[in-house]
Amino acid sequence: MGMPTDISVIDTMIGFPARDLKAQYAFITRQTKDAESKEDFEFPAEYMFKAPPDKEKELRETTDPVGYTLDQMDKWGVGVGMVGVGHREEGGEATGEEAIKRFPDRFVASVGADPNDGMKGIEAIVRAYETWGARSISMFPAGCFPQVPINDKKMYPIYAKACELDIPVFVCTGIPGPRLKFACQHVELIDEVMYDFPELTYVSRHGCQPWTELMVKLMLKWPGLHYSTSAFAPKHYDQRIIDYANTRGADKVLYAGYFPMGLSLERIMTEMKDVPFKDEVWPKFLRGNAARLLKLDA
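Every letter in the sequence shown is one number past the one before it in UniProt numbering, and letter 100, counting from 1, is 100.
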């Protein structure tokens, strides 16, 4: 059958166009050391992505970033987008708060967390949960300054709060795109976290490479461990993840895009039709798994 066209997709990583990318990603470039990252790149991982000049110009010049993102969602079948609120937003100049205010049926909140913030960070999570109905916590261990490993003791209050609120954590895992040290995001670190927090729902972001095989093994081991496809164009989805979803992992793999950071929804959805998921996997991958974890159909 191939990719169905009648499913209202849930995108667990989407944002908004930004006029000043350098300012938006200053929290990353402040800890890079190479000249390209500090001086030339506007987007810290732009060496990995290519955007057509006309499309980039269109993104920069829009006067309504939230509306622009919503138009793209409508055009490519995305019903709901998860956007950042609170500590650090993963979108653009337009805030996730604005999007949720204007279109509460189309956007849901994920609160960004930095474990270096201590109890102030925990209070911010609770505030976002109570104010914006945050349905998840997002973290970028390599992007923290200083970096904080996935299994560091400073992470544990965040994991504990996620369990208490019964919401998942979405964590960048594997070698990061920006030229930052990667040891803090090694997949093997998840094992200790899941052992200590068996109630935790953990969703990886950004591929887990080059440890995808290890990630599959850990997902078989830990019921609460999941994988999302953020930052990867569908033609580059790891075959081991596709095989896992088609066998024992249909409930563990969920769609996430990367618009507008590095991928357009046009490219994602155009390439998606060629991904060889089984017919019964598609509804779970495109919507069902995210709806369950984020409690969107409750």
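Every residue, glycine too, gets a C-beta built ideally from N, C-alpha and C.
Check: Within 7 Å, strictly: CB atoms of Leu165 and Tyr129; Outcome: yes
Check: Closest residue to Leu70 among Ile100, Pro44, Lys50 (Cα-Cα distance); Outcome: Ile100
Check: Sufficient close CB pairs (3 or more, under 8 Å) joining the segment 167-178 to the segment 31-51; Outcome: yes
Check: Exposure of Asp238, with buried meaning 16 or more beta-carbon neighbours within 10 Å; Outcome: buried
Check: DSSP-derived helix/strand/coil call for Cys184; Outcome: helix
Check: Nearest residue (CA-CA) to residue 323, options Met272, Leu293, Lys161, Ala233; Outcome: The question about residue 323 has no answer here: the residues shown for the chain are numbered 1 through 298.
Check: Segment limits, alpha helix (DSSP H) that includes Ala26; Outcome: 26-29
Check: Own chain, CB closer than 6 Å to Ala231, minus 5 neighbours either side, in chain order; Outcome: His206, Tyr258
Check: Supposed close pair Met82, Met13 - CB separation, criterion 8 Å; Outcome: 7 Å
Check: Cβ of Pro168 within 7 Å of any chain B Cβ; Outcome: Chain labels in this structure do not include chain B; a single protein chain is all it has.
Check: Rounded separation between Leu225 and Val253 - CA only; Outcome: 10 Å
Check: Any 3 or more C-beta pairs closer than 8 Å across the segment 130-142 and the segment 103-115; Outcome: yes
Check: Local conformation of Cys163 per DSSP, three classes; Outcome: helix
Check: Which residues DSSP lists as bridging Leu254, in chain order; Outcome: Ser228
Check: Identified DSSP bridge partners for Ile10; Outcome: Val80
Check: Classification of Gly2 by the beta-carbon crowding that lies within 10 angstroms, buried from 16 upward; Outcome: exposed
Check: Environment of residue 299 [buried if 16+ CB atoms lie within 10 Å]; Outcome: As displayed, the chain neither begins before 1 nor continues past 298, which places residue 299 out of reach and without an answer.
Check: Candidates Gly86, Lys22, Gly96: closest to Phe16 by CA position; Outcome: Gly96
Check: Cβ-based burial, Thr212 [other Cβ within 10 Å; buried from 16]; Outcome: buried
Check: With 16 other Cβ atoms within 10 Å as the buried cut-off, status of Asp11; Outcome: buried
Check: Start-end ranges of the alpha helix (DSSP H) lying completely within the segment 115-173, minimum 4 residues; Outcome: 118-132, 156-165
Check: Gln209 to Gly133 span [Cα, whole Å]; Outcome: 32 Å
Check: Neighbourhood of Arg248 by C-beta distance below 7 Å, restricted to the same chain and skipping five residues each side; Outcome: Leu220
Check: Nearest to Lys273 (by Cα), restricted to the options Ala233, Leu296, Asp251; Outcome: Ala233
Check: Own chain, CB closer than 8 Å to Glu98, minus 5 neighbours either side, in chain order; Outcome: Val66
Check: Beta-ladder partner(s) of Phe285, from DSSP; Outcome: Per DSSP, none; premise fails for Phe285.
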